[in-house]
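Number of protein chains: 4
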Amino acid sequence: MANLTPSHQRRVAVAGVSGYSGGELVRLLLGHPRLAVNPLLLGRLNEPAPAHPVHLGDLHPQLATAAGLGDPIQPFTWDRLVEERIDLLFLATPHEQSRQWAPEALARGIRVVDLSGAWRLQDPANRAVYNLTDADPAAAQKIQAEAAFGAPELHRDAIRNARLVANPGCYSTTIILALAPLALGGFLNPDHGIIADAKSGVSGAGKAATPKTHFMYAADNLSAYSVFGHRHTGELLEQLHLTEDQIQFTPHLLPIPRGILATIYVRLASKMTPEDIARVFGTFYAGRPMVRLHKTPGLPQIQHVVRTSFCDIGFHLAQDGKRLVLVSCLDNLLKGAAAQAVQNMNLMFGWEESEGLL
Amino acid sequence: MANLTPSHQRRVAVAGVSGYSGGELVRLLLGHPRLAVNPLLLGRLNEPAPAHPVHLGDLHPQLATAAGLGDPIQPFTWDRLVEERIDLLFLATPHEQSRQWAPEALARGIRVVDLSGAWRLQDPANRAVYNLTDADPAAAQKIQAEAAFGAPELHRDAIRNARLVANPGCYSTTIILALAPLALGGFLNPDHGIIADAKSGVSGAGKAATPKTHFMYAADNLSAYSVFGHRHTGELLEQLHLTEDQIQFTPHLLPIPRGILATIYVRLASKMTPEDIARVFGTFYAGRPMVRLHKTPGLPQIQHVVRTSFCDIGFHLAQDGKRLVLVSCLDNLLKGAAAQAVQNMNLMFGWEESEGLL
Amino acid sequence: MANLTPSHQRRVAVAGVSGYSGGELVRLLLGHPRLAVNPLLLGRLNEPAPAHPVHLGDLHPQLATAAGLGDPIQPFTWDRLVEERIDLLFLATPHEQSRQWAPEALARGIRVVDLSGAWRLQDPANRAVYNLTDADPAAAQKIQAEAAFGAPELHRDAIRNARLVANPGCYSTTIILALAPLALGGFLNPDHGIIADAKSGVSGAGKAATPKTHFMYAADNLSAYSVFGHRHTGELLEQLHLTEDQIQFTPHLLPIPRGILATIYVRLASKMTPEDIARVFGTFYAGRPMVRLHKTPGLPQIQHVVRTSFCDIGFHLAQDGKRLVLVSCLDNLLKGAAAQAVQNMNLMFGWEESEGLL
Amino acid sequence: MANLTPSHQRRVAVAGVSGYSGGELVRLLLGHPRLAVNPLLLGRLNEPAPAHPVHLGDLHPQLATAAGLGDPIQPFTWDRLVEERIDLLFLATPHEQSRQWAPEALARGIRVVDLSGAWRLQDPANRAVYNLTDADPAAAQKIQAEAAFGAPELHRDAIRNARLVANPGCYSTTIILALAPLALGGFLNPDHGIIADAKSGVSGAGKAATPKTHFMYAADNLSAYSVFGHRHTGELLEQLHLTEDQIQFTPHLLPIPRGILATIYVRLASKMTPEDIARVFGTFYAGRPMVRLHKTPGLPQIQHVVRTSFCDIGFHLAQDGKRLVLVSCLDNLLKGAAAQAVQNMNLMFGWEESEGLL
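As given, the protein sequences belong to chains A, B, C and D, one line each in that order.
Here my numbering is used: position 15 in the first sequence is 15, and no number is missing along the way.
Numbering-wise, my numbering comes out as the position in the second sequence, counting from 1, plus 358.
Numbering-wise, my numbering comes out as the position in the third sequence, counting from 1, plus 716.
Numbering-wise, my numbering comes out as the position in the fourth sequence, counting from 1, plus 1074.
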């Protein structure tokens, strides 16, 4: 990326602006201090422009201004992206589309941050859960191999130079950031299973009106789902170097619009003190602006992180110095999706990681 | 109804048990002390029985018991109703179906309490909003003319003897009960418009998953809708003897599962004291078990009535003795639907109005 | 209890009617088919009657009727309980008061169901968390020793004959009922720790207005608390015969009024099939009316049990046949408090366990 | 204010940072592009600094960063404000304190934006509801007379030059902005009363833990309060030039954290078309960046404005061209408090009204 000098005016486009993550992404990009030009907002691929143009404010009324409804949603054609000299395309699209479109963008010299699950998993067995099909499997495999997993706290250098960044899942981000310092540092007892009991707000279920997103189903309720089978599990295994029997992840649907909290139970390989653990985390996250390490007493909670781009991590250690409870939380639409995508863009453009996120 | 001796064992059936009102209705009927036989639960008309029979507890898990999932949903055929010697059929069905089925039931000697809007309105102009079509318009007109409006506090005698009772709308019940003592008693200034600002929980919007029943739309929100055009308006006009320019009714969607509260603004025809008003209401509702008149200070609120079968009514009078604010609330699925249907059934069977509702 | 013939008219009293559990208890007792006389509602001990008597409907507006505010709260004196020939006193009082009053009641021949934590724990080390002091420690110790732990599914016979029943904690009930068939049956690997990740609605925190019960704190939030230190832990240890390092229980505060769901992670001692597990639970809970065993697929959720007296239990077993996830839920004010108290009363009076609870 | 050149570096201080409005105000000021220096955060007046200094992140965890808890709360002394060369003091304090402190600040040449009700009302009869006492009544009266009512859409020029700006109430802002174009333009029938039925989230009730801010009171509920007596009424009368019998304002408590929606019913003086009304509003709010006029169909709703600094206004006109329903909404902590305070500061410093608010 040597040709990307700071003086170059970066231009980005967003496909999939109608969803919750897409809307938050556009909001962040509109307020980003280094992007002088508004993002190009894209509609459905190769469809003719609608008779009555749809504007950003039609989809996300809180983004309208007194002057009007904001930028129009443009027809999505590859020619248009080339004409507009787009440097980076955000795909906030379903995984099938992301799987198809990312190679198309790369072929035109456009870098990609994909918010779907299409490119996150290197192991085909893990990826099987998405039922992806590739027009050119060999080419797709090469692109898959070079895709960076977009967790900046783990893969900053790879992201800086990547053409394609696979933005992590919301649950995965919450759990990986809490476990990485211990799991990658060899502090966990590998034979004692890890339990990640995670709870998410309803926006994580997407904008489609279904029986489970009905207010009457979700309100005043809590339910576990996808026990032993949530598709974010593969990300945990690959990023934390675990086998399937070493971690159990159970998601729950919370009666709130946004936010994820994971309560994670681990056994340490050998006895540690709270200070030891604080030191491990402090070292791992030194200089990382989007992770806040909670000081005891007290633990992170969803309200602390909602509408912020932070992941908050705290812990309680049993008196035996071995049984550890970690609590990790973030806003599933921000650090769990759109803000992390912007963080990745910042790295790809050689900017400060936290630019536009504080 | 002289032939209905106490020794006769009443048998009832419910069509439309899958919805919220239907579920509440079944719950009330199962606990009703005078109905020795469980209600017959009916599925869709003339459809074959499903391969795997559906039970009540599949649709409404809170109604299952430790022993099992409760009664099966039976195929709905008219023959079956006759065989089972059903006395009364509750229709918790969409209005088109209710319009079609009520005459069919009556033709077989089965009385009907219809919870839809199909039979509530005598004036065809008011009824137009439902787009109803009748196979035999003349017959339908005769049935319409004899249908009792199922507000027991207004039409007790007619309900007792009715073959068909049209259970009122949830908003209508809330507003009519608050206004009837004053409007029907001639205490209101007819030239000064009445304002009924009403707010309802999401169950009022039904079980269908739509953009407006999505948790992300309804939660942490409030929105007005159907301004100057809600289809319960006709009930207000007919029951309170008002013209369209004499009352304005604005519904709002509350971020709660159930409950309606209406704040109603009227001008009195002549100066009154709070004691005068309390006396008018006390007289009107004397001996009526399902209306609770709130004592000042304080006003009714939704929590007081949710999961009860009551309508609570309170008021504040301005110092001028003329401007009056009424607050009325109820549970839209109970006094606004299922409990009122049971109240009507009680009257039709010659039982205490409040049987099974306290 | 041979002298308690069915013809004896049972009379009960409730101390502590102002709280959430007390209110639910009174509601259940008022509707109980075997209690012909309303419960005697008691105010604070030895205080003079207030100038303006407080009625049940003042404290719990949903319990008022059209006729009035319901029974008055009586001055609480021991003489009055004796005069009224009270058979059984419910204590829905703070644990210090329950510790003091239960012996006073027993001394007057009045049986007690105590809803507080005062008498639940036999091991003084576990009980230390309550900071209880006894006027007569030796007498208190004797009473403690005879107190039955009020989990009818575990101690039915003891409860039937008990003078004092210590109604279990809400979290404890949820977790004990899910684990008892496996833990007491020897099906668990004792060396692998049990994780109980539990989530409760705000009513569990009581009626006092505190920073943590403020709507702005609890709404749209989730927070873990009392990690490694919740005072219900002792009940788990004593009832399930576990040591402190064998179970980890983490409570969370849910943004809902009522309901508890616990997600519980265990390792089986040896490989089992789902059918094996269903059989263990089916046998353990055969004929027990207040526990509903969930059929797969699907898991219990809070909405299924709120406003019911059931505890629902379901599970998912990993393909290895060893790692098991249990989900258990109940209404913390009902099966977690008031309904369980009524269930205990039913047993103490020789009635059907589920009387007045279905 | 001729001495306030653009080159002068503006310095502001905030008293009362612990509350909801204070927290939002600090958040806005920290992100304000024209304030190069962080606001000085003030603790209680004349109290010694606490042993363990409190930081912003202790009070508002979402405002902490990965690096730390943010600025400390400083002891509040007038000397300190002078030393720090503070230009403008925000008072997010109770009205008694604001009444006492504003003159103190002005005496030291420090301009004030007061977010309380202390200085909003010119008519002593309207102000009586606050029970304010002045050490020097004559001096207070002079200050009162020069205080600008901080509704920038009505009083921009006065605010620019004011030493003291009284930031309006949250309800008042919602209602005044909806009515001003019609009421001040003479389009309303003055003899027909205006009804303003307003609904607010719980943050409007403040941070104190009280029975009415308890989650169990507010959740799943709606209640009217302060009928005919809310203290924001005086602002409506003074700003809209109405008499008490010309407007009825009823507030309600919504089960949501933030947001206000007012449904307002008026009669027009003469028949108008929707286009006429749109023109009146369009002219009145031309060039005003913080008011968004809603285009029909559809109406403003709380979700559109929460976490924005806008007031959204929409309407529905009856077919008679006379009966008009206005819907107005805003975030009570932003356009209803903190954002409006920043908007006023912007005007006082000669900056763009919307600086830091979009």
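The beta-carbon is built from N, C-alpha and C at its ideal position, and this holds for glycine as well.
- At a cut-off of 4 residues, the continuous stretches assigned as alpha helix (DSSP H) that sit fully inside the segment 7-65 of chain A are 20-30, 56-59.
- When the alpha-carbon of C:Ser814 is set against those of C:Glu800, C:Gly825, C:Gln778, C:Arg836, the nearest one is in C:Arg836.
- Counting only unbroken stretches of 3 or more residues, the beta strand (DSSP E) elements lying wholly within the segment 1276-1351 of chain D are 1321-1327, 1334-1341, in sequence order.
- Look at the beta carbons and you see the segment 371-383 of chain B touching the segment 685-705 of chain B: at least three pairs across the two are nearer than 8 angstroms.
- When 7 angstroms is used as the limit between beta carbons, A:Asn38 is near no residue of chain C, the shortest such separation being about 31 angstroms.
- Assignment of B:Gln455 by DSSP, reduced to helix, strand and coil, places it in the helix class.
- Contact residues of the segment 780-795 of chain C toward chain B are Ala780, Thr781, Ala782, Ala783 (C-beta to C-beta distance below 8 angstroms).
- Residue-level contact check: B:Pro406 does not touch chain C, since none of the beta carbons of chain C fall below 8 angstroms from its beta carbon.
- Listed in chain order, the beta strand (DSSP E) runs fully inside the segment 81-131 of chain A are 88-91, 111-114, counting runs of at least 3 residues.
- Look at A:Ala162 here: in three-state DSSP terms it is coil, with no helix or strand label.
- Between D:Asp1294 and B:Pro615 a beta carbon distance of about 7 angstroms is seen, short of the 8 angstroms cut, so the two are scored as contacting.
- Within 9 angstroms of the CB of C:Thr890, no CB atom of chain B is found; the nearest one sits about 16 angstroms away.
- Scanning chain D for C-beta atoms nearer than 7 angstroms to the C-beta of C:Asp936 yields Pro1331, reported in chain order.
- Note: D:Pro1146 is bridge-paired with D:His1129 in the DSSP secondary-structure output.
- In terms of Cβ geometry, D:Leu1400 and D:Ala1252 form a close pair [threshold 8 angstroms].
- Here A:Leu88 is near A:Ile110, since their CB atoms are less than 8 angstroms apart.
- Taking D:Val1111 as the centre and dropping the five residues before and after it, the same chain places the C-beta of Gln1083, Arg1085 closer than 7 angstroms to its C-beta, in chain order.
- When the Cα atoms are used, B:Ala422 and A:Leu182 turn out to be separated by approximately 45 angstroms.
- Judged by beta-carbon spacing, A:Leu357 lies within the 8 angstroms limit of A:Met290, meaning their Cβ atoms are closer than that value.
- Around the Cβ of A:Ala13, a 10 Å sphere holds 16 or more other Cβ atoms; the residue is buried.
- Here the C-alpha atom of D:Arg1159 lies approximately 38 angstroms from the C-alpha atom of A:Gln301.
- Looking at the backbone, the Cα of A:Phe349 and that of D:Ile1250 are separated by about 47 angstroms.
- One thing to note: A:Leu45 has its Cβ no nearer than 8 angstroms to the Cβ of A:His95.
- Nearest neighbour of B:Leu611 by Cα position, chosen from B:Glu593, B:Tyr575, B:Phe642, turns out to be B:Tyr575.
- Excluding five sequence positions before and after A:Val280, the CB atoms of its chain that fall closer than 7 angstroms to its own CB belong to Pro181, Leu182, Gly185, Phe187, given in chain order.
- Judged by DSSP in its simplified three-state form, C:Val1022 adopts coil rather than helix or strand.
- Any Cβ of chain D closer than 8 angstroms to the Cβ of C:Phe931 would place that residue at the interface, and such an atom is present.
- Of B:Glu593, B:Asp634, B:Met703, the smallest CA-CA separation from B:Ala483 is found for B:Glu593.
- Between C:Pro967 and C:Ala914, the C-beta spacing is below 8 angstroms.
- Contact annotation: in the segment 1345-1379 of chain D, residues whose CB is within less than 7 angstroms of a CB in chain B are Leu1373, Gln1375, Ile1376, Gln1377.
- Taking 8 angstroms as the cut-off, the beta carbon of C:Gly732 is found closer than this to the beta carbon of C:Ala808.
- Within chain B, Ala567 have C-beta atoms less than 8 angstroms from the C-beta of A:Thr210, given in sequence order.
- Residues of the segment 535-562 of chain B whose Cβ lies closer than 7 angstroms to any Cβ of chain A, in chain order: Val560, Ser561.
- Taking 8 angstroms as the cut-off, the beta carbon of C:Ala782 is found closer than this to the beta carbon of B:Arg646.
- Taking all protein chains shown into account, B:Arg466 has fewer than 16 neighbouring C-beta atoms within 10 Å of its C-beta and is therefore exposed.
- B:Ala493 is outside the set of residues whose beta carbon lies under 8 angstroms from a beta carbon in chain D.
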